[in-house]
Amino acid sequence: MKVKMLSRNPDHYVRETKLDLHRVPRNYDPTLHPFEVPREYIRALNATKLERVFAKPFLASLDGHRDGVNCLAKNPKSLATVLSGACDGEVKIWNLTKRKCIRTIQAHEGFVRGICTRFCGTSFFTVGDDKTVKQWKMDGPGCGEEEEPLHTILGKTVYTGIDHHWREAVFATCGQQVDIWDEQRTNPICSMTWGFDSISSVKFNPIETFLLGSCASDRNIVLYDMRQATPLKKVILDMRTNTICWNPMEAFIFTAANEDYNLYTFDMRALDTPVMVHMDHVSAVLDVDYSPTGREFVSASFDKSIRIFPVDKSRSREVYHTKRMQHVICVKWTADSKYIMSGSDEMNIRLWKANASEKLGVLTSREKAATDYNQKLKEKFQHHPHIKRISRHRHLPKSIYSQIQEQRIMKEARRRKELNRIKHSKPGSVQMVSEKKKHIVAVVK
Amino acid sequence: MNANQAAESNLLASNQQKELEDLPKDYPLSTSEDEGDNDGERKHQKLLESISSLNGKDRQKLADRSEASLKVSEFSVSSEGSGEKLVLSDLLEPVKTSSSLAAVKKQLNRVKSKKTVELPLHREEIERIHREVAFNKSSQILSKWDPVVLKNRQAEQLVFPLSKPQSAFAPIEHVVNGWKARTPLEQEIFNLLHKNKQPVTDPLLTPMEKASLKAMSLEEVKMRRAELQRARALQSYYEARARREKRIKSKKYHRILKKGKAKQALKDFEKLQKVNPAAALEELEKLDKARMMERMSLKHQNSGKWAKSKAIMAKYDMEARQAMQEQLARNKELTQKVRAASESEEEEEGQEEEEEPLVPDMVNGVQIKANGLNPWMVQNHFTDAKEAEIQKDLEDPAEPEAQETSESEEERAVVEEETLLKEFEERRSLRQKSELNHMAEPVHSRVTKDPSSQEVLSELRALCQKLITENHQSGKQELSSARTAQREEPAREEEEPMLLQRPKRARTLDELEELGREECVENKELPRTAVEGLQLEKNRSNHIGAPKEKKRKEQMIDLQNLLTTKSPSVKSLAVPTTVQELEDEEERDQRQIIKEAFAGDDVIRDFLKEKREAMEASKPKDLDLTLPGWGEWGGMGLKPSAKKRRRFLIKAPEGPPRKDKNLPNVIINEKRNPHAAAHQVQVLPHPFTHHRQFERTIQTPVGSTWNTQRAFQKLTMPKVVTKPGHIIKPIKAEDVGYRSSSRSDLSVVQRNPKRLSIRHKKHLENNCVD
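Order-wise, the sequence lines are chains H and V.
First residue of the first sequence? That's 9 in my numbering, and the numbers climb one at a time after it.
First residue of the second sequence? That's 169 in my numbering, and the numbers climb one at a time after it.
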């Protein structure tokens, strides 16, 4: 007689080492796991709440400047190094990991108007109110050496901004005109001008590097082509644009920070309508910088807050503020897209997390899976009213809050007036102007 | 020569004169120019003027130039102001003949033939053109990024930094060259390799391999390759075609395809029969077997989901009815024994088609009657049903319960409804009476057969009213007599259609009995009309659980009742009977029109029904916790005892009273739960176009509880992944496979001035041409 035995291969259920995980057979029969939608909804709700609980974006404040921080620059080769120029002509180099200043230079007399690093990260340039452009070495002077610039260029007029080419030994300054300089020469290789107003900032396109954008105080944004030594197009807005920033992943997209509290994202090929108008600030926007992923950008405003906008949304996803932070003059997104730095009037540079509730440091795989899942759930249920309410809730300083209310009323009044005007005039004679078109005065060829 | 000169001087003179004539009158003239003039008066005037101008003041004035002119003559007389220019031809004309001046003339001609150079464009204009050209050029350069940007925006996941550090693969030769055998084992291996002439470096092929490679000639290889290529191409072509055909959704196409295939099969079969009868026989057998299998399957019975839905729809939809018929026919055909399939089948089918047009309306019934199967029988039937109802109406006060049950069981409760319904009933009875009267008049009944001709109806209205009043008495008499005559009939009549319909389907004992009874009737009766066909369908469904004949009869009547309310033509004629006398003509007409317009839909009744359903739905349900077979015998067909059921039935507590309890003509929906609404999405979010789409995304779970590990990872994949501590650089042309421009921007800029000037010229030229 043959006896049949139940036999199992121990490989299937015995762990090789005690550190291995137990094999857990799972039954995915949907009847065994009912109520999937309510369960996931609750999970999403909890994830949203936890996100708000853990949202603590402020990391550090770097203090040491003796006047307001006027400009910031990041080192393209090192994540930990940040440069800052103050209103008293002092330039400081910071180490972010140690959160300490590692070098201080008295670079200019008067404001340091602009600062930029060379693409290789070995030296940096500053321009100041004393009509000079100076090139400095990134490493400090050796023992016994004096702190001296590598080169100094004396100009005829004040330079208000500087930017370095992304691949070559060329930099551009702006003031009364846009000058393109070869690093080796003391005269600009070409200067481009269109109109006679002072230009406040100039930026190289990081992808198609021969393109430049500048904004002048006569409310316009001008694009230049360095190769053909000519301006390309000019768009005139309602109010002055303070600075622009190019998207590092999309060659033709740039965002302009405007005095009228808005930011405008343009496709440079079609300047007559901005791709998106970003509204939320309640005072002039002073600086803007793109995340290196090109999906979001951060803006600094005179209303003492920083906001983070997704590129394709007109409303901000995040607002950062502290009680002590005054008008934020400059802002930068670090090259690993994890942190944001802001320099403000009250002499401090602040370091923020780009994702307010993100856990820093190395994550285990299970943690990572959990955060991914939570993220997905939040995204899935983002339209549900409770979740929406919780995830959108931010505490705001009273000044900003009341400003928002006030501006809402003003906007509503304006809208009502426009509607009335349409209603009481001959049909077709008064047209509704879309928000995007409203702020563009003209495009000059 | 002299003559020539004279002529020329003449010409000149005339020319001058012309000019002089054009001059303004007060123009000062020199004496030399005066000579040819013959206008004395004018000369005199001029002379006077010139003399008067010799005075001190005027002389100075003469020297002054009062008008703007380009030329200032040295004689203080300008040639300007005449409006006429000195033309080159004027100068040339006198020298025409003189040969000595030919060279000069030629030169002058050449000068004349050259076009004038146009004025250069304004600087601003030039700059604008440059800008435009440069802008177009740079936007063209930028547009190469469009696909990349689009791809990145739509990407499921983007991992930054984009450019991966290239893992450098050193070529094997380098590795081998730099490596030496040290251990004895390695040395041994190398020895072996060397012995076999295994090449260590470059070609990496043994002589043997080389030889084998060479063995196949180039042409052969080429041919073989071409063949393979062709085969592959063909294969992919056929695959693509098959896929395409499979994807076609057109029913027509498939029908045609199927037909074609069937034809082909038939042809093949015939051919086979001729060629190889044995094989054909086998084939036939196979076909037969397939048919049998098909027959055995339930596919062609009317129990499928589709068939059920159609059965419901058949009441209202002509197409559905037809489809159902077709399906029935097919079923019959398939279930038929093969040998009987020759003639009788066709006959039967034809019969069937005549038998069940399945039209519920009276109208159609009348039409069929007109077709002339047996008008008397049909009429008989109609009157029959109606009479039964009337009879019921008469009995109404006596047995209200019976009526209620007949209406439907739900109606029992509400009192208001009852009153309403009673009203309806009254009207209906009146209508039917008049109808009956109508039936008595064969002429009029003929006319009513045409349902569409409303005009005829309106014309007839007056007439029929008269008739009604006349025949009122006689009609009642007839009615009573007819009732007595046909009292026995109805029970029999209902069963007859069933008998016709389903001679083969008698399964239960009950039905068998009926069958036996019906057979005797069958002989007498002829095939039925449409109305009956439908009745029988309905009846059958009603029957199964109900053995009592009386009840069945009532249901039958009820159905009839429904039908009569739905037939517009009959109603329109029948409505006014008693009330009409009291009302004015106009009012009556108005009412009639309204009634005709809304003849088909019984709004109030629908509303009541709806409300009842809503109330039913909102009532809390009882909970039955009975477990069959627990504490007693269980099994198929056994039900737990009533006592037990009563014991385990948890009665649901009475809910709060409905808000519309005391509002007879209102339904207040109490389904909306304000607590749940706070958690629900009110507006369809942006990217979705339909609420179902959105619901589907919500309903698919993402968690690992419902998904496998792999699916879970895929579902929760984050959109943007960045690595901590890695610098993300701006995208580069090389990253996405574009060739970056070899020229550096700097060199271009430094070379620019020269290029610019050339380019400028070109553009200017272009502009001029434009």
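Note that beta-carbon positions come from the ideal geometry of N, C-alpha and C, so glycine has one too.
When the alpha-carbon of residue 872 of chain V is set against those of H/374, H/287, H/423, the nearest one is in H/374.
For residue 474 of chain V, the enclosing alpha helix (DSSP H) has its first and last residue at 473 to 481. Per DSSP, reduced to three states, the secondary structure at residue 218 of chain H is coil, with no helix or strand assignment. One finds nothing in chain H with a Cβ atom closer than 8 angstroms to the Cβ of residue 277 of chain V; even the nearest lies about 44 angstroms away. Per DSSP, the continuous beta strand (DSSP E) segment holding residue 286 of chain H begins and ends at 284 to 287.
For a Cβ distance threshold of 8 angstroms, residue set 898 of chain V lies close to residue 174 of chain H, ordered along the chain. Per DSSP, residue 119 of chain H has no beta-bridge partner at all. Of the candidates H/443, H/88, H/131, H/112, the residue whose Cα lies closest to the Cα of residue 426 of chain H is H/443. Scanning H/61, H/258, H/446, H/122 for the CA closest to the CA of residue 285 of chain H turns up H/446. For the set H/385, H/391, H/431, the Cα lying nearest the Cα of residue 50 of chain H is the one of H/385. Along the segment 11 to 69 of chain H, the alpha helix (DSSP H) occurs as fully enclosed runs of 4 or more residues at 44 to 61, listed in sequence order. Boundaries of the beta strand (DSSP E) harbouring residue 262 of chain H: 261 to 266, taken from the DSSP string.
The C-alpha of residue 415 of chain V is placed about 21 angstroms away from the C-alpha of residue 401 of chain V.
Boundaries of the beta strand (DSSP E) around residue 295 of chain H: 293 to 298.
When rounded, the separation of the alpha-carbon atoms in residue 211 of chain V and residue 219 of chain V is 12 angstroms. In the structure shown, residue 917 of chain V adopts helical secondary structure according to DSSP, grouped into three states. Excluding sequence positions up to five before and after residue 216 of chain H, its CB lies within less than 6 angstroms of the CB of 259, all in the same chain and listed in chain order. DSSP places residue 395 of chain V within a helical segment (H, G or I) once states are collapsed to three. When DSSP reads this structure, residue 143 of chain H sits in a beta bridge with H/133, H/159. A contact is defined here as three or more CB-CB pairs under 8 angstroms, and the segment 202 to 210 of chain H fails this definition with respect to the segment 144 to 156 of chain H.
Taking 8 angstroms as the upper bound for CB-CB distance, residue 84 of chain H and residue 125 of chain H are in contact here, some 6 angstroms apart. Proximity to residue 279 of chain H across H/228, H/314, H/296 peaks at H/228, based on C-alpha coordinates. Nearest to residue 232 of chain H by alpha-carbon distance, out of H/170, H/186, H/297, H/36, is H/186. The contact set of residue 847 of chain V on chain H, defined by CB atoms closer than 8 angstroms, consists of 49, 392, 393, 394 in chain order.
The DSSP-derived three-state label of residue 213 of chain V is helix.
Interface annotation, residue 289 of chain V: not in contact with chain H, CB-CB separation never under 8 angstroms.
When DSSP states are grouped into helix, strand and coil, residue 366 of chain H belongs to the coil group. The alpha-carbon of residue 855 of chain V is positioned some 22 angstroms away from that of residue 314 of chain V.
According to the DSSP assignment, residue 249 of chain H belongs to the beta strand (DSSP E) that extends over 249 to 254.
Measuring C-alpha to C-alpha distances from residue 349 of chain H to each of H/87, H/160, H/211 identifies H/87 as the nearest. Interface criterion not met: the Cβ of residue 223 of chain H is under 8 angstroms from no Cβ in chain V. Judged by DSSP in its simplified three-state form, residue 341 of chain H adopts strand. Counting every other CB atom within 10 Å of its CB across the protein chains shown gives residue 277 of chain V a total below 16, marking it as exposed.
For residue 885 of chain V, same chain residues with a beta-carbon under 8 angstroms away, outside a window of 5 residues either side, are 324, 325 in chain order. Contact with chain V is absent for residue 322 of chain H, since none of that chain's Cβ atoms lies less than 8 angstroms from the residue's Cβ. With fewer than 16 neighbouring CB atoms inside 10 Å of its own CB, residue 128 of chain H falls in the exposed class.
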